[in-house]
Amino acid sequence: MEITFGDFKRLMEIRKRSVDDLVALFRGKIEEPREFFERAISCRWHGEDRSWVVIPYRSVIDFYRRELAFHQDTAKHQRVCACGCGLPVFDRKKWSGDACRKRAQRGKSETVDSAIASP
2 MEITFGDFKR
12 LMEIRKRSVD
22 DLVALFRGKI
32 EEPREFFERA
42 ISCRWHGEDR
52 SWVVIPYRSV
62 IDFYRRELAF
72 HQDTAKHQRV
82 CACGCGLPVF
92 DRKKWSGDAC
102 RKRAQRGKSE
112 TVDSAIASP
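Following our numbering, the numbering of the sequence shown begins with 2 at its first residue and continues without gaps.
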């Protein structure tokens, strides 16, 4: 299974993993972990897009697979915000915050306004 910098970046954004977190996890396991993860997360090298580059380190690939499996497992059981932003909600809440509630409210009012204006 080939994992590219772009794949890795998307998952780390979802899992909210920073370069510093990754450097701490991989110190001593790969050469120059800070340089590698800064390249992988930014998907840029010398100003060029490198999201297509395949990750060569087996330990990073194994880590990616574990993180992906964990994310897929928790996503099945996690309720998400009703506005469509994808953020998790807890308890009996419908929205993840006030901005999401307002966004949903504005979406409904635009639908009502367009329905009124169309006849």
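No residue lacks a Cβ here, since even glycine has one placed at the ideal position from N, Cα and C.
Spatial distance of residue i from residue j (CA atoms)
i	j	result
T5	G85	27 angstroms
R45	R102	36 angstroms
A83	E49	37 angstroms
G87	V81	5 angstroms
A41	T75	24 angstroms
S60	H47	25 angstroms
A105	V90	15 angstroms
E36	L69	23 angstroms
V24	D99	35 angstroms
L26	R107	43 angstroms
I62	S97	32 angstroms
F9	H78	23 angstroms
P34	D22	11 angstroms
R93	R67	30 angstroms
I15	K95	20 angstroms
Best match in the options for proximity to residue i [C-alpha to C-alpha]
i	options	result
R11	R104, P57, H72 and H78	H72
Rounded distance between the beta-carbons of residue j and residue i, thought under 8 angstroms
i	j	result
F38	V20	5 angstroms
V31	Y58	According to the sequence as given, residue 31 is Ile; it is not Val. Correct: roughly 5 angstroms between the Cβ atoms.
Beta-carbon gap between residue i and residue j smaller than 8 angstroms
i	j	result
S43	G7	no
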